[in-house]
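Following: one structure in structure tokens, then a few remarks.
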Ligand code: ATP
Ligand code: MG
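Right under this line is the structure:
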């Protein structure tokens with residue numbers, strides 16, 4: 002049965018009860034991702050036994066890195082190391098043995114590394130030791146009488162175990178930004194409830210399909226990442242009517258977003274979520290100005306998290322590529338036809354409130 006040694010970090014920095022809680026959330030999340038497997042923990046490490054896909058482990062928040070390893074007892078270490086090297090070290094010219102130890106032993110880590118290095122050299126005389134820049138590294142972790150041998154450290158996504166910080170509602174359009182924003186909060190331990198506002202007839206099924214397709218990618222990080230679709234077109238039609246009469250069409254986007262914020266807050270309160278996350282970035286499009294964000298915030302009494310606020314578009318795109326959402330976010334989709342020619346960059350709250358008073362009870366404004 003393959004065995005994986007899993008390293009996690011931030012869990013360590015916490016007090017004992019927090020650490021235990023985070024650790025148990027991490028283990029639950031690993032079980033969900035890895036399927037049928039056995040999990041064991043010991044002093045800051047997790048071991049998984051089973052046929053686990055490394056690709057899935059790479060998407061579990063909280064895992065800093067992991068290694069596929071061989072396990073043996075201290076008495077058999079030499080034999081196992083030599084066997085391990087047989088298929089691994091063939092093509093290398095130089096190598097190094099790195100030993101880490103936990104527990105009381107009659108040798109130091111360096112002594113054991115030198116001893117194992119000498120044995121390897123004897124069996125594979127074509128090799129040379131190079132501690133600085135070896136072709137191949139053989140790692141040994143000794144924990145009391147248990148030894149773990151591996152040659153590869155695979156980087157995980159890091160962060161905080163998903164769910165350790167509670168839940169957030171995400172305004173999720175499926176464009177490039179909001180999936181990255183949601184993912185960044187997931188990385189900080191927040192489980193996401195993604196809400197998509199369906200603005201048909203101003204958008205159509207292509208826009209919804211794109212959002213669903215991007216959500217599918219994020220489901221690999223959070224298995225219950227299920228898009229909630231809220232009809233938004235009727236509100237927009239009505240809002241546009243009132244705005245046209247008042248010659249305030251340039252306020253369409255601000256009114257549209259405020260309604261999204263309000264609905265997100267209602268969903269959050271229903272679900273016990275502690276805030277809302279959006280993909281806004283200061284100044285990225287004309288409508289994302291300090292003035293407009295101020296007016297948007299007024300529509301929602303929960304905290305609104307905007308992890309992209311200081312990002313350049315290129316920085317956001319880089320993350321989107323890394324996490325796998327980019328390709329789907331750029332799928333052709335109808336852009337919103339409710340957007341006016343010149344959306345306001347300086348929304349005034351008093352004006353917004355007047356319009357919303359007219360829209361009235363019907364929309365909970
Ligand atoms: P994105 O790339 O996330 O679509 P954007 O750069 O196109 O963002 P806007 O259209 O101004 O910017 O939207 C700002 C934010 O409002 C989005 O990041 C998202 O959080 C939210 N949002 C916009 N449209 C929708 C929608 N149809 N459903 C849910 N949320 C939305
Ligand atoms: Mg968008």
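In the working numbering, the protein residues as written are 2 to 366.
The beta carbon of each residue, even a glycine, is placed where N, CA and C say it ideally should be.
Beta carbon of residue i, beta carbon of residue j: below 7 Å?
| i | j | result |
| --- | --- | --- |
| residue 64 | residue 149 | no |
| residue 274 | residue 170 | yes |
| residue 243 | residue 356 | yes |
| residue 71 | residue 81 | yes |
| residue 281 | residue 289 | yes |
| residue 141 | residue 66 | no |
| residue 60 | residue 221 | yes |
| residue 336 | residue 176 | no |
| residue 207 | residue 321 | no |
| residue 345 | residue 215 | no |
| residue 317 | residue 146 | no |
| residue 226 | residue 163 | no |
| residue 277 | residue 265 | yes |
| residue 172 | residue 279 | yes |
| residue 68 | residue 151 | yes |
| residue 350 | residue 296 | yes |
| residue 160 | residue 188 | yes |
| residue 38 | residue 53 | yes |
Closer than 6 Å: is that where the CB of residue i sits relative to any heavy atom of ligand 2?
| i | result |
| --- | --- |
| residue 174 | yes |
Round the Cβ separation of residue i and residue j to the nearest angstrom and send it over; I've been treating them as touching at under 8 Å.
| i | j | result |
| --- | --- | --- |
| residue 190 | residue 166 | 4 Å |
| residue 47 | residue 26 | No, residue 47 and residue 26 are not in contact; Cβ-Cβ is about 12 Å, not under 8 Å. |
| residue 137 | residue 83 | 14 Å between Cβ atoms; not a contact. |
| residue 212 | residue 293 | Going by Cβ atoms, the distance from residue 212 to residue 293 rounds to 23 Å, so no, they are not a contact pair. |
| residue 44 | residue 103 | 6 Å |
| residue 79 | residue 2 | With 8 Å as the limit, residue 79 and residue 2 do not qualify as a contact, their Cβ atoms being about 23 Å apart. |
| residue 219 | residue 183 | 7 Å |
| residue 86 | residue 139 | 6 Å |
| residue 269 | residue 303 | 6 Å |
Do residue i and ligand 1 come close, with the Cβ less than 6 Å from some heavy atom?
| i | result |
| --- | --- |
| residue 177 | yes |
| residue 279 | yes |
| residue 197 | yes |
Inter-stretch contact (C-beta, 8 Å, three-pair minimum) for the stretch 325-342 and the stretch 248-264: yes
Cβ pair count under 8 Å reaching 3, the stretch 33-45 against the stretch 107-124: no
contact_flag[the stretch 230-238, the stretch 193-201] where n(CB pairs < 8 Å) is 3 or more: Contact holds: three or more Cβ-Cβ distances are below 8 Å.
contact_flag[the stretch 87-107, the stretch 117-124] where n(CB pairs < 8 Å) is 3 or more: Pairwise C-beta distances place the stretch 87-107 in contact with the stretch 117-124, as three or more of them are shorter than 8 Å.
Meets three-Cβ-pair contact criterion under 8 Å: the stretch 306-316 and the stretch 257-265: No, the stretch 306-316 does not touch the stretch 257-265.
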